[in-house]
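**Student:** The numbering used here numbers the first residue of the sequence shown as 2 and each following residue consecutively.
Note that beta-carbon positions come from the ideal geometry of N, C-alpha and C, so glycine has one too.
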Amino acid sequence: MAQIDDGTTTNTIVACLSSIGGAQLAITTASAVVANVLPGVAAVDKVCRVAASWGPNYAQAALDGTLGMQDNALTVPSGLTTLRIGSGLAGTASFGGVISNLGLVLRTMDGTELTAVSNFGLPGSEPAIDIAPNDGRILDSDYAGTLTATAQQVSGVRPISFGNYQYANPGWRRRFRTRSRSLVLHFQNLNLVSGSYNGKGAIYVDGVLKTYFTSPQALGKFLVRLDFSSNADREIEIVMPHSAAIAHLGVTTYGAPITAPTSRAALPRAAFLGDSRFQGFNATGIDKTWMEILCRAKGWQHINLGYGSSGVTSAWGTDLVNANPDVAFVMFDYNNRSAQTSLLGFKNSYKTLITNFRAVKPTTKLYAVTSNWIDTAQDALPLKIADYRQATADALTEVADANNILIDGLTLTANSTASIGDGIHPNDVGEAEWAADIAPLVSV
């Protein structure tokens, strides 16, 4: 069904093409049918009949008011501005399928094709649709803290203020669906992370990595364009980098709107509280971190509370609770070793952190991960990393609870710089090993 009207059903020109070869051409002026063409039928009838001429891709009928006679006394309605294409008599019902390509050729009464760029854009162009970042069809997930959403930008701040890493949002993702063959994602680097920096985020299409985006450590806007070969319905997923303050400024699609994806709200929330090894250093990008790899494999949300250079802080057990995890991971020791924190003080702080967590989450599994292998050159102080591994184990023993589970970090990666590139942090190889080796040990 194609209908041209003036925004109402009062004045219309309707072309009805049946999937079984029928056709009808009708004109209505001031709600009165002034012409109704049904080839082979003399009476005015709104039932589609066999077309005068039809084939696989067309159907047509001459304008005959009465069978065998040409009607010259016809007043065509004016003010027709709206073209509707669809199913049903008004062209407003769904076709019940997908049109992969739709070609419209507009002609004047003398048959001249209308191609004016001023009216219709460049040949093959599609109208741009600008979508605000706070559009309700864009769903946010995998974050802890506060998102501030306006028509200009959406940005996030994590709950623990430490080293300006609260402005980084590792794993926070924004998702929507669209049939647009091309789209542009708009971002701004807010330049609020002053510590170790990594601005490499990831973009997935239907769950498969499509491309990366990155931004230098400076205030400024940037964009990412995606192009596709068809107008299939796709889910677009933006995953924010592990150490950069990136705001999302919106989306531009071409010729197709966006729709909301399936919500991730029902997926288990895995919260990671720890130091730089839980934030993601020194992975080359967010998709290479062991937390992101693990959560994708498990079907979990990635709730990141990793803060570079941090040590165990008992009050953070409350922040871990507030992240509302279904499973929790904790790792502190290397920075306490660097500070030469007393082993008793370290153990007691760890115990209090767990106790604070258990007060609200009595049955949620908490995995305490001890340090990975550390190069001898990075472990030259009197109190060694092994001492803090043992203090972590002692803390779990003294806060006896079957849901507190110790994982030996020495079993998670190869114990060399091949996996721990700088002697402290896992590189991409080590991150992948970590994710693979911890996966069978953990569950919700």
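For Ile130, which beta-bridge partners are listed by DSSP?
**Tutor:** Thr254.
**Student:** Just how far apart, CA to CA, sit Gln4 and Ala33?
**Tutor:** Rounded to whole angstroms, Gln4 to Ala33 spans 16 Å at the Cα level.
**Student:** Mind checking whether Asp1 and Thr414 have CB atoms under 8 Å apart?
**Tutor:** Nothing can be reported for residue 1, as the shown portion of the chain is limited to 2 through 445.
**Student:** Report all residues from its chain with a CB closer than 6 Å to the CB of Glu432; omit the five preceding and five following residues, and keep chain order.
**Tutor:** Here the set comprises Ala284, Lys289, Thr290 and Trp291.
**Student:** Report, in whole angstroms, the separation of the C-beta atoms of Asp143 and Gln280, which I expect to be a contact under 8 Å.
**Tutor:** About 14 Å separates the two Cβ atoms, so there is no contact after all.
**Student:** Leaving out five residues on either side along the sequence, give the residues of the same chain with a beta carbon under 7 Å from the beta carbon of Arg390.
**Tutor:** Same-chain partners within the cutoff: Asp334, Thr371 and Ser372.
**Student:** Considering only the alpha carbon of each residue, which of Pro171, Asp320 and Ala394 lies closest to Asn349?
**Tutor:** Out of Pro171, Asp320 and Ala394, Ala394 has the C-alpha closest to the C-alpha of Asn349.
**Student:** Check whether the Cβ atoms of Ala316 and Leu367 sit closer than 8 Å, and answer yes or no.
**Tutor:** Not in contact: Ala316 and Leu367 (Cβ atoms no closer than 8 Å).
**Student:** In whole angstroms, what separates the C-alpha of Gln379 from that of Asn135?
**Tutor:** Using only the alpha carbons, I get a separation of about 46 Å.
**Student:** Can you tell me whether Arg159 is buried or exposed? The criterion is at least 16 other CB atoms within 10 Å of its CB, across all chains shown.
**Tutor:** Classification of Arg159: buried, given that the 10 Å Cβ count is 16 or more.
**Student:** Does the segment 312 to 326 come into contact with the segment 357 to 364, if we say contact requires no fewer than three beta-carbon pairs (one atom in each stretch) closer than 8 Å?
**Tutor:** Yes, the segment 312 to 326 touches the segment 357 to 364.
**Student:** Using DSSP's beta-bridge definition, name the partner residues of Ser244.
**Tutor:** Bridge partners of Ser244: Asn199.
**Student:** Does the Cβ of Leu68 have 16 or more other Cβ atoms within 10 Å, making it buried, or fewer, making it exposed?
**Tutor:** Confidence is the limiting factor: at Leu68 the pLDDT is only 41, short of 50, which leaves the residue's position unreliable, though a coordinate-based value still follows. Exposed is the call here.
**Student:** Of the choices Gln341, Thr353, Gly346 and Thr398, whose alpha-carbon is the least far from that of Ala447?
**Tutor:** Because the chain is modelled from 2 through 445, residue 447 falls outside the range shown and cannot be assessed.
**Student:** For the beta strand (DSSP E) that Tyr308 lies in, which residues bound it at each end?
**Tutor:** No beta strand (DSSP E) holds Tyr308; DSSP gives it neither H nor E.
**Student:** Residue range of the beta strand (DSSP E) that Tyr144 falls in?
**Tutor:** Element bounds for Tyr144: n/a, residue is neither H nor E.
**Student:** Measuring CB to CB, does Asp327 end up less than 8 Å from Thr365?
**Tutor:** Yes, the Cβ-Cβ distance between Asp327 and Thr365 is below 8 Å.
**Student:** Checking contacts by CB at 8 Å: is Ser277 closer than that to chain D?
**Tutor:** Structure shown: chain D not included; a single protein chain is present.
**Student:** What's the call for Asp6, buried or exposed, on a 16-neighbour Cβ count within 10 Å?
**Tutor:** When all chains shown are included, Asp6 counts as buried.
**Student:** So, with DSSP's three-state summary, where would you put Arg138?
**Tutor:** Correct three-state label for Arg138: coil.
**Student:** For the alpha helix (DSSP H) containing Gln391, name the first residue and the last one.
**Tutor:** Where Gln391 is concerned, the enclosing alpha helix (DSSP H) stretches over Ile386 to Glu399.
**Student:** How is the alpha helix (DSSP H) around Gly347 delimited, first residue to last?
**Tutor:** Here residue 347 turns out to be Phe, not Gly, going by the sequence shown. Taken as a continuous stretch (DSSP letters only), the alpha helix (DSSP H) holding Phe347 covers Leu344 to Arg359.
**Student:** Whole-angstrom Cβ separation of Tyr198 and Ala272, contact assumed at under 8 Å?
**Tutor:** Wrong, their Cβ atoms sit about 24 Å apart, outside the cutoff.
**Student:** Once the 5 residues before and after Arg235 are set aside, which same chain residues still bring their CB inside 8 Å of it?
**Tutor:** So the list reads Arg178, Thr179, Arg180, Val206, Asp207 and Phe229, once near-sequence residues are dropped.
**Student:** Using alpha carbons as the reference points, say which of Asn323, Ala392 and Pro262 lies closest to Arg138.
**Tutor:** Nearest of Asn323, Ala392 and Pro262 to Arg138, Cα basis: Pro262.
**Student:** Only counting the same chain, and skipping five residues up and downstream in sequence, which positions put a Cβ closer than 8 Å to that of Gly196?
**Tutor:** Closer than 8 Å at Cβ, skipping near neighbours: Gly164, Asn165, Tyr166, Ser244, Gly309 and Ser310.
**Student:** Is the Cβ-Cβ distance between Thr254 and Leu184 less than 8 Å?
**Tutor:** Result yes, Cβ atoms of Thr254 and Leu184 sit closer than 8 Å.
**Student:** Kindly indicate which three-state DSSP category Thr377 falls into: helix, strand or coil?
**Tutor:** Thr377: helix per DSSP, three-state reduction.
**Student:** What number of angstroms, rounded off, separates the C-alpha of Asp46 from the C-alpha of Asn37?
**Tutor:** Reliability fails at Asp46, whose pLDDT of 38 lies under 50, so the model's placement of it is uncertain and the value that follows must be treated cautiously. Answer to the nearest angstrom: the Cα atoms are 7 Å apart.
**Student:** Would you identify the three-state DSSP class for Phe282, choosing helix, strand or coil?
**Tutor:** Phe282 falls in the coil class under three-state DSSP.
**Student:** Figure out for me which residue from Gly87, Ile132, Thr82 and Ala440 has the closest Cα to the Cα of Ile294.
**Tutor:** Cα-wise, what sits closest to Ile294 is Ala440.
**Student:** Can you give me the start and stop residues for the beta strand (DSSP E) that Ser183 sits inside?
**Tutor:** Per DSSP, Ser183 belongs to the beta strand (DSSP E) from Ser183 to Asn190.
**Student:** First and last residue of the beta strand (DSSP E) that includes Tyr368?
**Tutor:** Element bounds for Tyr368: Lys366 to Val370.
**Student:** On the criterion of 16 or more Cβ atoms from any shown chain inside 10 Å, does Arg226 qualify as buried, or is it exposed?
**Tutor:** Answer is exposed; the Cβ neighbour count stays below 16.
**Student:** Tell me, to the nearest whole angstrom, how far the beta carbon of Ile287 is from that of Gly172; I am working on the premise that it is less than 8 Å.
**Tutor:** Ile287 to Gly172, Cβ: 7 Å. Contact.
**Student:** Can you tell me whether DSSP reads Ala267 as helix, strand or coil?
**Tutor:** Three-state DSSP puts Ala267 in coil, outside helix and strand.
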